[in-house]
Amino acid sequence: MLSAQDMQEAAAHGRAVKAVYVYEAPVRLWHWVNALAISVLALTGWFIASPLPSQPGEASANFLMGYVRFTHFAAGYVLLAGFLGRIYWAFVGNHHARQLFVLPLLNAGWWKEVLFELRWYLFLERDPKKYVGHNPLAQLAMFGLFLTTLLFMIVTGFALYGEGAQAGSWSHALFTSWVIPLFGQSQDVHTWHHVGLWVMLFFVMLHVYAALREDIMSRQSLVSTMLSGWRMFKDDKP
Ligand code: HEM
Ligand code: HEM
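Mapped onto my numbering, the consecutive letters of the sequence shown carry residue numbers 218 to 455.
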């Protein structure tokens, strides 16, 4: 059987390819667990920043914000564990598993295709190009907007978490000890962690719009590819 790379080459040489296995199960599983964790983090983070009104009575009977914070931290751990698993899979998985982490920045042809995709998204091109993995513009956004923000949120999130976990905890030793002094003080880290929420939501809005739009307009499967792993091409043109 041809590998995905062989198929891509076949497609590049003008031979029609109907379906290619692209995203392996660990990448797909990570994608949806990561999306769920980020949704939970965004919602609970929003409430941590703008808490619900305090309730009268015993504190022990009013632990709602405590549960909100606990859910945020638990989702934070899920996010970190998933990300470590995803990094591992970039080493052992197929070459599409590395696309998120490695950009061909010195390849002029790749930059040309970034511009082409931009024009296509702006409705300035009529004929969509086909890609077995991510299209170059998507890859750029996944690296520049998503991956960097994810790293930033994990580092600042665990720096804040380490303040509560206190000196001696792993999060304090690994993150709090240098991140808080780097930003100046704890409140600055809160503010930048909060800004990160909006950058992440900006990516998610663009990303979901683009995934649905491409699924409809580019004559190749997108959303079902992240479910089944297979990219289907809907016409004979490679
Ligand atoms: C918090 C929400 C989400 C985040 C942070 C996110 C992030 C990502 C990332 C980082 C990738 C690249 C995967 C890799 O190379 O390992 C990706 C791929 C993809 N995502 Fe999402 N995603 C989210 C939600 C969604 C939703 C709701 C959909 C469906 C409508 C979706 C559809 C896709 C598709 C189709 C791909 C593959 C694109 C391609 O084949 O080039 N994502 N996503
Ligand atoms: C995409 C990921 C994340 C988003 C969108 C997010 C969002 C937020 C937001 C909006 C806040 C409120 C900031 C403020 O205005 O004070 C917050 C607070 C916080 N986040 Fe995150 N966060 C994320 C990841 C993480 C991770 C991975 C951790 C690690 C456990 C974490 C730990 C914390 C902590 C400790 C606080 C402060 C809680 C408090 O002061 O009560 N966050 N987060």
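Here a beta-carbon is modelled for each residue, glycine too, at the ideal position from N, C-alpha and C. All figures in this text were calculated on a predicted structure; none of them were measured in a lab.
| Check | Outcome |
| --- | --- |
| For Gly293, which residues from the same chain have a beta carbon less than 6 Å from its beta carbon, with the 5 sequence-adjacent residues on both sides left out? | Gly374 |
| Can you find at least 3 beta carbon pairs, one from the stretch 315–323 and one from the stretch 345–360, that sit closer than 8 Å? | yes |
| Report the CB separation of Leu296 from Met282 in whole angstroms; it is logged as a contact under 8 Å. | The Cβ separation is near 21 Å, so there is no contact. |
| Run the proximity test for Val422: is its beta-carbon closer than 7 Å to any non-hydrogen atom belonging to ligand 1? | With the sequence shown as reference, residue 422 is identified as Met, and Val is not the correct amino acid for it. No. |
| Find out if the Cβ-Cβ distance for the pair Val239, Gly446 is shorter than 8 Å. | yes |
| For a quick check, are the C-beta atoms of Thr366 and Met443 less than 8 Å apart? | no |
| Can you give me the C-alpha to C-alpha distance between Trp387 and Pro321, rounded to a whole angstrom? | 35 Å |
| Let me check understanding here. Comparing Cα to Cα, which of His424, Tyr284, Ala325, Arg436 lies closest to Phe264? | Tyr284 |
| May I ask you to list the residues that DSSP assigns as paired with Phe450? | Gln437 |
| Give a single yes or no on whether Thr366 has its beta carbon closer than 7 Å to a heavy atom of ligand 1. | no |
| What do you reckon, is the C-beta of Ile397 under 7 Å from a heavy atom of ligand 2? | no |
| Looking at the unbroken beta strand (DSSP E) that takes in Ala162, where does it start and where does it end? | Coverage of the chain is limited to positions 218 through 455, which leaves residue 162 absent and any answer about it impossible. |
| Using a 10 Å radius around the Cβ and a threshold of 16 neighbouring Cβ atoms, would you call Leu429 buried or exposed? | exposed |
| Please classify Ala376 as buried or exposed, where buried requires at least 16 other C-beta atoms within 10 Å of its C-beta. | buried |
| Report, in whole angstroms, the separation of the C-beta atoms of Trp247 and Gly326, which I expect to be a contact under 8 Å. | Not really, about 29 Å apart at Cβ, beyond 8 Å. |
| At the level of alpha carbons, what is the spacing between Met218 and Ala291? | Bear in mind that a pLDDT of 34 at Met218, under 50, signals an unreliable position, so the model cannot answer this. |
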